[in-house]
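Numbering (my numbering), first residue to last: 732 to 1101.
Ideal Cβ placement from N, Cα and C applies to all residues, glycine included.
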Amino acid sequence: MSANKKMLVLAGDGIGPETMAQVMRVVDWFDKRRAVRFDVIERKVGGAAYDAYGTPLTDETLADALAADAVLFGAVGGPKWDDLPFEVRPERGLLRLRKEMDLYANLRPAIVFPAMAEASSLKQELVEGLDMMIVRELTGGIYFGEPRGIETLPDGSRRGINTQVYTTPEIRRVARVAFELARKRGGKVCSVEKSNVMESGQLWREEVQKLGAEEYPDIELKHMYADNCAMQLVREPKQFDVIVTDNLFGDLLSDCAAMLTGSLGMLPSASLGDIDDNGFRRGLYEPVHGSAPDIAGKDMANPLATLLSFAMLLRYSFDLGEDADLIELAVKNVLAGGMRTADIMQPRKARVSTSVMGDSLLMELDKQGA
Ligand code: NAD
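Here it is, written out as structure tokens:
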């Protein structure tokens, strides 16, 4: 039997604890029914941690995150904490975690489950069966580059400055994540930049090309300008397998790809760091959505994004692809059976609460057996 996996669970605020409660039922199911065993530590984060300790992320919780095999995160924030000083706002807890764990590769899958194809803003045939992954560089580029700031010029007018900057190692490490993913998926990488007008884009293209030729000759590598990529995402999204791009373009393109799938309540994500000498890679897994204060406490939230984030955790941090497949199949079957939380409700389907969605998922997992 494999050693226990240490998982830190940070449910957070708003709907975070509600969706996480359903995921914890599934974690429990896996613990009892599959080969994997979990040591789960639960801690407060965000507004909940501020209320309890005066900070959105305590040093102890950060230490737990650094010691864990993986972190599963819910959501943070809400109107109760909106007027707090910047440094103790709930979101700072998440940003500090990402920074201290050095999570530089953000994975955003865009998957359209067959039963949800009609919920997309695109024609059904364009998105049916869509399964692509955007890998966004998360710790470099224009959001962090120096110099930055707003300065006043001698004539009294002002100038705002941000700097797009990337180094060879920053480009190669995120590109490597994309190539490795492609090897386990459809074998294709599309690298996206604006090398026609930006030197940093030119370097990006050259480095990705070089890495591909040196280490991943089995992967089909294509390069695309970011503006064309935005167009292609809504014209023919199924042409893509793995897209790798910088922080800024990834921010925009991953939101665009997200809308192809229909609902915020269905979208998981992963943020990964470097592999250390023992072959261990840090990872934090979280739904794309926030704490949804408008529906918090009403047993209405869709738990699927958090559940699918747990499936990504099993796949990418624990190398338990078959267990991740089980969850994704359960989600597919529950949706095919007509179950819908309010956010993804469609005509002639059954509208269910967060907890009933959890019940249905467990019944489905039981059907698939262990
Ligand atoms: P949001 O994602 O929380 O909600 C946007 C809309 O989508 C709301 O109408 C909400 O009801 C709905 N929604 C979101 N997730 C849902 C789910 N699982 N099931 C059903 N409906 C869902 O974004 P927002 O309203 O802009 O932000 C609310 C709070 O969340 C803010 O405090 C914001 O700072 C915070 N936030 C946190 C994160 C995070 O923790 N990573 C991300 C985004 C926003």
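- Of the candidates G1014, A1042, L1057, R867, the residue whose Cα lies closest to the Cα of A799 is G1014.
- Taken from the Cβ of P1024, at least one heavy atom of ligand 1 lies inside 7 Å.
- Shortest Cα-Cα distance from I842 to any of F761, R916, G1069, M929 involves R916.
- Under DSSP, P840 forms a beta bridge with M864.
- If you look at G880, you'll find it in the beta strand (DSSP E) that goes 880 to 883.
- Shown here, V767 sits in coil according to DSSP, grouped into three states, outside any helix or strand.
- By alpha-carbon distance to M832, the top candidate from T792, F875, Q940 is T792.
- For F910, there is no enclosing beta strand (DSSP E); the enclosing alpha helix (DSSP H) covers residues 899 to 915.
- If you ignore the 5 residues before and after D795, its C-beta comes within less than 7 Å of the C-beta of L739, I772, R774, all in its own chain and listed in chain order.
- Selection R1071, M1043, T1072, D1050 evaluated against I1058 yields M1043 as nearest (Cα-Cα).
- The alpha-carbon of E938 is positioned some 7 Å away from that of R903.
- In this structure, D982 has its CB at a distance of at least 7 Å from all heavy atoms of ligand 1.
- Annotation for V819 indicates a beta carbon at 7 Å or more from all heavy atoms of ligand 1.
- Between the segment 1062 to 1069 and the segment 1012 to 1032, the count of Cβ pairs shorter than 8 Å is below three; the stretches do not touch.
- The beta carbons of G824 and G747 sit no closer together than 8 Å.
- DSSP places I1058 in the helix class (H, G or I) of the three-state scheme.
- The continuous beta strand (DSSP E) containing R1013 extends over residues 1012 to 1018.
- In this structure, ligand 1 has no non-hydrogen atom nearer than 7 Å to the beta-carbon of I842.
- Taken atom to atom, the span from the alpha-carbon of K811 to that of V776 is near 14 Å.
- Unbroken beta strand (DSSP E) stretches of 3 residues or longer found wholly inside the segment 924 to 991: 951 to 956, 973 to 976, given in chain order.
- In the DSSP secondary-structure assignment, V920 is bridged to L952, V973.
- Around the beta-carbon of G785, fewer than 16 other beta-carbon atoms lie within 10 Å, marking it exposed.
- D1050 has its alpha-carbon roughly 17 Å from the corresponding atom of R764.
- For D972, the number of other beta carbons within 10 angstroms of its own is at least 16, and it is reported as buried.
- Relative to ligand 1, the beta carbon of D1030 is positioned no closer than 7 Å to any heavy atom.
- Rounded to whole angstroms, the gap between the alpha carbons of A846 and Q753 is 22 Å.
- In this structure, the C-beta of L995 approaches ligand 1 to less than 7 Å from one of its heavy atoms.
- The C-alpha of V965 lies about 41 Å from the C-alpha of A766.
- By the Cβ neighbour-count rule, E945 is exposed, with fewer than 16 other Cβ atoms within 10 Å of its own.
- Beta-bridge pairing by DSSP links P999 to P1018.
- For L1096, the number of other beta carbons within 10 angstroms of its own is at least 16, and it is reported as buried.
- It is roughly 23 Å from the alpha-carbon of Q970 to the alpha-carbon of V1019.
- Burial of I1075 is indicated by the presence of at least 16 other C-beta atoms within 10 angstroms of its C-beta.
- Checking the DSSP bridge columns, you'll see F804 partnered with L741.
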